[in-house]
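Participant: I am attaching a structure below and will ask some questions about it afterwards.
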Amino acid sequence: MFNFFTKCIFCDKDISNGAKGVGEHIIPESIGGFWRIYDVCSECMLYFGNSIDSFGIKNPLLLKSMELLKLPKVDKYYNNMPYIALDKLTNEKVKMIRREGKYKTKTIVKDDKSFECSENDIETLGVKWIKENHNSNLSPNEFKIEIDKLKSAYFSSNIGDTVYSKTLGIGLKRKQTHKLEYDNERIPDITPLISKILFSAIHYFLPLQITGSLIDYWSLRDNARYAKPLRNFLINECNLRTNDTRYGFHRIRFENSGHALLSDITFFGYDNWRAYLPSNTDVKIFDENNHEVEVINLYLDFRDAKNKLKVISFIYKNKEYREIILSA
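If you count by the numbering used here, then the sequence shown holds residues 66 to 393, one letter each, in order.
Next comes the structure, spelled out in structure tokens:
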């Protein structure tokens, strides 16, 4: 969509010969974004692709919205999420995974004497591990007999019991987990992705005098590209709707707020992150005809997969509303 500059907007690397490739998705394609810019160098594109662009599909709020909207690949994204549960007897944390809509213990090989797996994996992963580590020179038939005896004893045992096979020299302890939830310690903070979207949108849609006056403008860039921290509460989760209704669009909103720029990054018309950016001067925003406006909205509407729309709307001080539909 945009290719205006001779230097990368994120790192100032020279791109005067013109950016190559497919361009950088400001809102990741994996969550329905289709706005691309071409003033980003290949190094920064690689960084975003390998680092923060996946934060959208690792965010529980966004995954819930994608599920309700029946967007493609959402099951795959759920499978890649980190889960955790508690051992019912010891309350120890147990890492879990999701497969085909069901949850099971993540397989862990600690050493040649310790192996943990879901009961569903005993027949495949478990037996394979036993065979590799505890065969004891048994014939295939003898080994099968011992495995069948061990499994029979295991599935007849109670939670917390351990069953043994002297022949194989191993024991199986039966565990049970409860209180399944996301492993929040392993879910990345989505803030750098919000910073990337916000920094880019300000760069293209607001006049230079505003970008130069915003106290935290460059810290957004540094947070997105160089993993530097933002000041506390600069970007906050702030859902705008009170009901549980999602829509097939994303929105970037800018509002004139005196000596500050108020911005909302909203996914699926529901999940919202708000930034309040103070300025050294009175903030004024304008339409393409240089008329002052109170609010600028950029919508990415992807409800019609074949005819995606970019829509820019303006709300003026007299509350007049005007929109411009751009090509996808």
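Backbone N, C-alpha and C fix where the C-beta goes; we use that ideal spot for every residue, glycine too.
Rank GLU94, LEU233 and TYR381 by C-alpha distance to the C-alpha of LEU203 and give the top, closest one.
Facilitator: Here the closest residue by C-alpha is LEU233.
Participant: Relative to the C-alpha of PHE220, which residue among ILE195, LEU237 and ILE102 is closest?
Facilitator: Taking only the C-alpha atoms, the option nearest PHE220 is LEU237.
Participant: Which residues share a DSSP beta bridge with TYR364?
Facilitator: In DSSP, TYR364 forms a bridge with ARG316 and VAL376.
Participant: Within a Cβ cutoff of 7 Å, which residues of the same chain sit near MET66, ignoring the five residues on either side of it in sequence?
Facilitator: Below a pLDDT of 50, predicted positions are generally treated as unreliable, and MET66, at 44, falls in that range; the measurement from the model is reported next regardless. Same-chain partners within the cutoff: TRP100, ARG101 and ILE102.
Participant: Using 8 Å for Cβ pairs, my map puts ILE350 next to PHE319. What's the rounded Cβ distance?
Facilitator: Yes, ILE350 and PHE319 are in contact; Cβ-Cβ is about 6 Å, under 8 Å.
Participant: Quick check: what's the CA-CA separation for GLY225 versus ARG239?
Facilitator: Cα-Cα distance, rounded: 5 Å.
Participant: Within this structure, are the beta carbons of ARG311 and LEU133 separated by less than 7 Å?
Facilitator: Yes; because the gap between Cβ atoms is below 7 Å, this pair is in contact.
Participant: The alpha helix (DSSP H) that contains PHE113, what's its start and end?
Facilitator: PHE113 -> alpha helix (DSSP H) spans 107-115.
Participant: With a threshold of 16 other CB atoms inside 10 Å of the CB of ASN366, please say whether the residue is buried or exposed.
Facilitator: Checking the displayed sequence, the identity of residue 366 turns out to be Asp instead of Asn. When all chains shown are included, ASP366 counts as buried.
Participant: From the DSSP output, read off the bridge partner residues of LYS160.
Facilitator: Looking at the DSSP assignment, LYS160 forms a beta bridge with ILE149.
Participant: How would you label ALA340, buried or exposed, when you count the other beta carbons within 10 angstroms and need 16 or more for buried?
Facilitator: It counts as buried.
Participant: Hey, how far is the Cα of LYS371 from the Cα of HIS356?
Facilitator: Rounded to whole angstroms, LYS371 to HIS356 spans 33 Å at the Cα level.
Participant: Note down, in chain order, each residue of its chain lying with its Cβ closer than 6 Å to the Cβ of LYS167, except the 5 sequence neighbours on either side.
Facilitator: Same-chain partners within the cutoff: there are none.
Participant: Buried or exposed for ASN383, please, with buried defined as at least 16 other CB atoms from any protein chain shown within 10 angstroms of its CB.
Facilitator: Label assigned to ASN383: exposed.
Participant: Reducing DSSP to helix, strand and coil, say where ARG311 ends up.
Facilitator: Here ARG311 sits in coil by DSSP.
Participant: DSSP state of MET66, grouped into three classes?
Facilitator: Confidence is the limiting factor: at MET66 the pLDDT is only 44, short of 50, which leaves the residue's position unreliable, though a coordinate-based value still follows. Reduced to three states, the DSSP call for MET66 is coil.
Participant: SER284: which of LYS231, GLY97, THR256 and TYR269 sits nearest, CA to CA?
Facilitator: The candidate whose alpha carbon is nearest that of SER284 is THR256.
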